[in-house]
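*Asks:* Below are the structure tokens for one structure; questions will follow.
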Amino acid sequence: MKANVQKKVLKRKLDKFKGNQLRKPGKAQDEPQVKLSDDDFESDDELHVSAGQSKVVEEPEVKKPKSDHNKNTNGQELKIDATPIPKNVLTDVTFSSYEDRFDPRLLKAVKSMGFEYLTEIQAKCIDPLLQGHDVLGLAKTGSGKTLAFLLPAIQLLLKLKWQPYRGTGCVVIAPTRELAMQTYGVLSEIMEFFPQFTHGLVMGGANRDTEAKKLVTGVNIIVATPGRLLDHLQDTKGFTYKYLSCLVIDEADRILDIGFELEIKKILRILPKKRQSMLFSATTSPKVDELIHTALHANPVKIEIARKEATVAGLQQGYVVCESDQRFLLLFTFLKKNRGKKIMVFFSSCASVRYHHELLNFIDMPVQCIHGKQKQQKRTATYFKFCTDTTGVLLCTDVAARGLDIPKVDWIVQYDPPDDPREYIHRVGRTARGETGTGSALLFLRPAELEFLLYLKEAKVTLDEYEFAKNKMANIQPQLEKLIRENYYLNVAAKEAYKGYVRAYDSHSLKKIYDVNNLDLIKVAKSFGFDVPPFVELPIAHKNKLEVRGKPSASKIKTFKAFKKVN
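Just so you know, we're using numbering that gives the first Met the number 0 here: the sequence shown kicks off at 0 and counts up by one.
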């Protein structure tokens, strides 16, 4: 009954949607409207491009942060400063109280990292692990679980008096390269106190031959992504893992979500069965339950860190409703006014990330980007630079949405909508870290997508509605269309981004909300700088194929020439 009432309310809101006069639900008409604040927007009717600029600006050069820490198996330095955790979210248990259970060097390492008190997941996991039990940990990202599994794993190797000739004693499996690098960075800080142990990072995109040479000489603790680990287990001769004593599977739900189910099953069949295992996951599902049964011994210790709300209290969450042709104008205005903030913007496709990265840098809005089709070296450098930056904008796909500990992100902007509430939660988890950290999140929705709010509400996520004023938005549409029409490289990138957006929209699982047939493709095209939909092939089931493909004349653009400043 309640759900039906909510749907009717949203339907009335949708029907009454005119322009941008949006008010926060529940407020009387004479009460002030909720705004993103006047400081978040400014009036600007020009695109600023450096005079004489003749091609798309390349990605800004990024430098690796200096580090005194060990290098990974490819010789690259890795370190990320840990994000401080507010004391009021920690337990009253101190690491020093473990002096009878931890090697003194482990406690020194933790102290050098600035940690004094244990988080809840650490306090509940460490004792069972030190006692030799398998552990299933159910906790959200950012709960401090990295130390919860690394410290007991290292203590186990110390207890076994691990020798280099025994090869690999511990393997930590992470779903993505970025999370693997992050975990490896924490491990490297601890390993400074244990020169007798070797440790390495094994992941796709890195130099396989270099990794293989290191593995053959003996790497005691390995942090790896599933695909590359399986590759070495199957094909690297001399890789010694028969004495493996500890296995950690981190972000198990994410590993399965991105398609590594088969690889994980093969890895588990290859690795020795006599070992201590730990599995951590933010959510459960039938596939996760199956993996738990396969990876852990019978009756593991189950530790669940419950949270009443799906997102942390310090996260201010809102949404804004705008038509497709207004989306980029709103994004540009928001980013321009918030230049002094640290912002992550999520897109639905790699092509869209690439296009907006090229476009924004071209019009003097410096941004970085990270997506799945970048070369690993570039992805790594961009990731580390954004971690160490205090301000800036990172455009990304969902490759960066889970597990990454990027310090002090002020805003999470979901420019393209998430597929479901779980993906929304994963994305906004990049800000307000540490349970009581603070941050803000903004979700872009088209009027036809308002029903997604009901799904969020069922997932215990509530958002405020924000208004935007057209007179505060940058009036740059004419210049944008001229730029895309005259700049060959941006035109090509815009076409690919347009195609990627429509295809990603068609792939949404919530077809009732994200119906590709309800897209006004002329308005969508305008958000990518076209006055009519571009002529591109889209293998989707749309009610009007010609409308999807656009008009052939739209592909007839001027060849590239030096671009002059738009007035």
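Glycine included, C-beta positions come from ideal geometry on N, C-alpha and C. Quantities reported herein were computed from a predicted structural model and do not represent experimental measurements.
1. Cα separation between THR461 and TYR454?
2. Between which two residues does the beta strand (DSSP E) carrying GLY438 extend?
3. Pick from PHE148, THR209, LEU441: whose alpha carbon is nearest that of VAL131?
4. By Cβ distance, which residues of its chain are closer than 8 Å to ARG338, with the 5 residues on each side in sequence left out?
5. Would SER276 and VAL247 be called neighbours here (beta carbons separated by less than 9 Å)?
6. Could you tell me if PRO271 is buried or exposed, where buried requires 16 or more neighbouring beta carbons within 10 angstroms of its beta carbon?
7. Among PRO416, LYS498, ASP419, GLN325, which residue has its Cα nearest to the Cα of ASN474?
8. Classify ASN568 as buried or exposed, calling it buried when 16 or more other Cβ atoms lie within 10 Å of its own Cβ.
9. Helix, strand or coil: which one does DSSP assign to GLY237?
10. Out of ARG353, LEU228, ASN360, which has the shortest C-alpha to C-alpha gap to HIS370?
11. Could you tell me how far apart the beta carbons of GLU177 and TYR382 are, in whole angstroms, since I believe they sit closer than 8 Å?
12. Leaving out the 5 sequence neighbours to the left and right, which residues in its chain are closer than 6 Å to CYS169 when beta-carbon positions are compared?
13. Using CA atoms only, rank isn't needed, just tell me which of ILE254, ALA496, TYR513, ILE512 is closest to SER526.
14. Do you know offhand how far GLY199's Cα is from GLY184's?
15. In whole angstroms, what is the alpha-carbon distance linking ASP102 and GLN154?
16. Going by DSSP in three states, SER347 sits in which element: helix, strand or coil?
17. Could you check how far apart the C-beta atoms of ASP249 and VAL171 are, in whole angstroms? I think they sit under 8 Å.
18. Need the endpoints of the alpha helix (DSSP H) that CYS124 sits in, please.
19. From PHE331 to ILE302, what does the alpha carbon distance come to, in whole angstroms?
20. So what does DSSP say about GLN376, is it helix, strand or coil?
21. In the region 284 to 342, which residue ranges form an unbroken alpha helix (DSSP H) of at least 4 residues, counting only runs that do not cross its ends?
22. Do you know offhand how far LEU117's Cα is from GLY428's?
23. Is the CB-CB distance between LYS341 and ASP409 below 9 Å?
24. For ARG569, which option in SER348, GLY217, LEU314, PHE333 has the closest C-alpha, if you only look at C-alpha atoms?
25. What do you get for LEU261, buried or exposed, if any count of 16 or more other CB atoms within 10 angstroms of its CB means buried?
26. Beta carbon of LEU314, beta carbon of GLY141: below 9 Å?
27. From the DSSP output, in three-state form, read off VAL171 for me.
28. Measuring straight from C-alpha to C-alpha, what distance separates PHE196 and PRO365?
29. Can you tell which of PHE443, THR145, VAL134, ARG100 has the C-alpha that lies nearest to the C-alpha of LYS158?
30. Which value, in whole angstroms, describes the spacing of the CA atoms of ASP363 and HIS292?
31. What is the residue span of the alpha helix (DSSP H) that TYR497 lies within?
32. Along the chain, where does the beta strand (DSSP E) containing MET190 start, and where does it finish?
33. Taking just the CA atoms, how far does THR235 sit from GLY143?
34. Drop a sphere of 10 angstroms on the beta-carbon of ILE512, count the other beta-carbons inside from all chains shown, and report buried for 16 or more, exposed for fewer.
35. Relative to the C-alpha of LYS603, which candidate in LYS494, LYS522, GLN121, THR167 has its C-alpha closest?
*Replies:* So, to answer that:
1. As a working note, residue 461 is residue 462 in the sequence shown. As a working note, residue 454 is residue 455 in the sequence shown. Computed Cα separation, rounded: 10 Å.
2. Numbered from 1 along the sequence shown, position 439 holds the residue referred to as residue 438. 438 to 444 is the extent of the beta strand (DSSP E) around GLY438.
3. Numbered from its first residue, the sequence shown carries residue 131 at position 132. The sequence as given places Gly at residue 131; Val does not occur at that position. Checking every option, the nearest Cα to that of GLY131 belongs to PHE148.
4. Taking the sequence shown and counting its residues from 1, one reaches residue 338 at position 339. Cβ neighbours of ARG338 beyond the five flanking positions: THR390.
5. Here residue 276 refers to the residue found at position 277 of the sequence shown. Here residue 247 refers to the residue found at position 248 of the sequence shown. In this structure, VAL247 lies closer than 9 Å to SER276 by Cβ.
6. Mapped onto the sequence shown, residue 271 falls at position 272. Exposed, by the Cβ-count rule.
7. Counting from 1 along the sequence shown, the entry for residue 474 is found at position 475. The option with the nearest alpha carbon to ASN474 is GLN325.
8. This structure cannot speak to residue 568, because the chain is shown only from 0 to 566.
9. Numbered from 1 along the sequence shown, position 238 holds the residue referred to as residue 237. Note: GLY237 maps to coil in three-state DSSP.
10. To locate residue 370, count along the sequence shown from 1; it is residue 371. Looking at the Cα atoms, ARG353 is the closest of the given residues.
11. Walking along the sequence shown from the start, residue 177 turns up at place 178. Walking along the sequence shown from the start, residue 382 turns up at place 383. GLU177 to TYR382, Cβ: 5 Å. Contact.
12. Stepping through the sequence shown from its first residue, residue 169 is reached at position 170. Cβ within range, chain order: ALA152, ILE220, CYS245.
13. On the sequence shown, position 527 is the one that residue 526 refers to. The candidate whose alpha carbon is nearest that of SER526 is ALA496.
14. Translated into the one-based positions of the sequence shown, residue 199 becomes position 200. Translated into the one-based positions of the sequence shown, residue 184 becomes position 185. Going from the Cα of GLY199 to the Cα of GLY184 covers about 10 Å.
15. The residue you call residue 102 lines up with position 103 of the sequence shown. The residue you call residue 154 lines up with position 155 of the sequence shown. Between ASP102 and GLN154, the C-alpha separation is close to 7 Å.
16. For this step, residue 347 is matched to residue 348 along the sequence shown. The answer is coil: DSSP assigns SER347 none of H, G, I, E or B.
17. For the purposes of this step, residue 249 is identified with residue 250 of the sequence shown, where counting begins at 1. For the purposes of this step, residue 171 is identified with residue 172 of the sequence shown, where counting begins at 1. Yes, ASP249 and VAL171 are in contact; Cβ-Cβ is about 6 Å, under 8 Å.
18. Indexing the sequence shown from 1 puts residue 124 at position 125. Counting along the chain, the alpha helix (DSSP H) containing CYS124 begins and ends at 119 to 129.
19. Locating residue 331 in the sequence shown gives position 332, where the first residue counts as 1. Locating residue 302 in the sequence shown gives position 303, where the first residue counts as 1. Cα to Cα, the separation comes out at about 44 Å.
20. What you label residue 376 is simply residue 377 of the sequence shown in a count that begins at 1. If DSSP states are grouped into helix, strand and coil, GLN376 belongs with the helices.
21. 285 to 294, 326 to 336
22. Mapped onto the sequence shown, residue 117 falls at position 118. Mapped onto the sequence shown, residue 428 falls at position 429. LEU117 and GLY428: Cα-Cα distance of roughly 21 Å.
23. Translated into the one-based positions of the sequence shown, residue 341 becomes position 342. Translated into the one-based positions of the sequence shown, residue 409 becomes position 410. Taking 9 Å as the Cβ cut-off, LYS341 and ASP409 qualify as a contacting pair.
24. Outside the displayed span of the chain (0 to 566) sits residue 569, for which this structure offers no information.
25. The residue you call residue 261 lines up with position 262 of the sequence shown. When all chains shown are included, LEU261 counts as exposed.
26. The count along the sequence shown starts at 1 and reaches residue 314 at position 315. The count along the sequence shown starts at 1 and reaches residue 141 at position 142. No, the pair does not count as a contact, with Cβ atoms beyond the cut-off.
27. Reading the sequence shown from its first residue, position 172 is the one you call residue 171. Strand, per DSSP.
28. Translated into positions along the sequence shown, residue 196 becomes position 197. Translated into positions along the sequence shown, residue 365 becomes position 366. Taking the straight line joining both Cα atoms gives about 42 Å.
29. Here residue 158 corresponds to residue number 159 of the sequence shown, with the count starting at 1. It is ARG100 whose Cα lies nearest to the Cα of LYS158.
30. Reading the sequence shown from its first residue, position 364 is the one you call residue 363. Reading the sequence shown from its first residue, position 293 is the one you call residue 292. Cα-Cα distance, rounded: 53 Å.
31. The residue labelled residue 497 in the question sits at position 498 within the sequence shown. TYR497 -> alpha helix (DSSP H) spans 487 to 505.
32. Walking along the sequence shown from the start, residue 190 turns up at place 191. Premise fails: MET190 lies in the alpha helix (DSSP H), 176 to 190, not in any beta strand (DSSP E).
33. Here residue 143 is taken as the residue at index 144 of the sequence shown, counted from 1. Here residue 235 is taken as the residue at index 236 of the sequence shown, counted from 1. Taking the straight line joining both Cα atoms gives about 33 Å.
34. Position 513 of the sequence shown, counted from the first residue, corresponds to residue 512. Counting Cβ neighbours within 10 Å, ILE512 comes out buried, since at least 16 surround it.
35. Because the chain in this structure spans residues 0 to 566, residue 603 falls outside the shown range and cannot be described.
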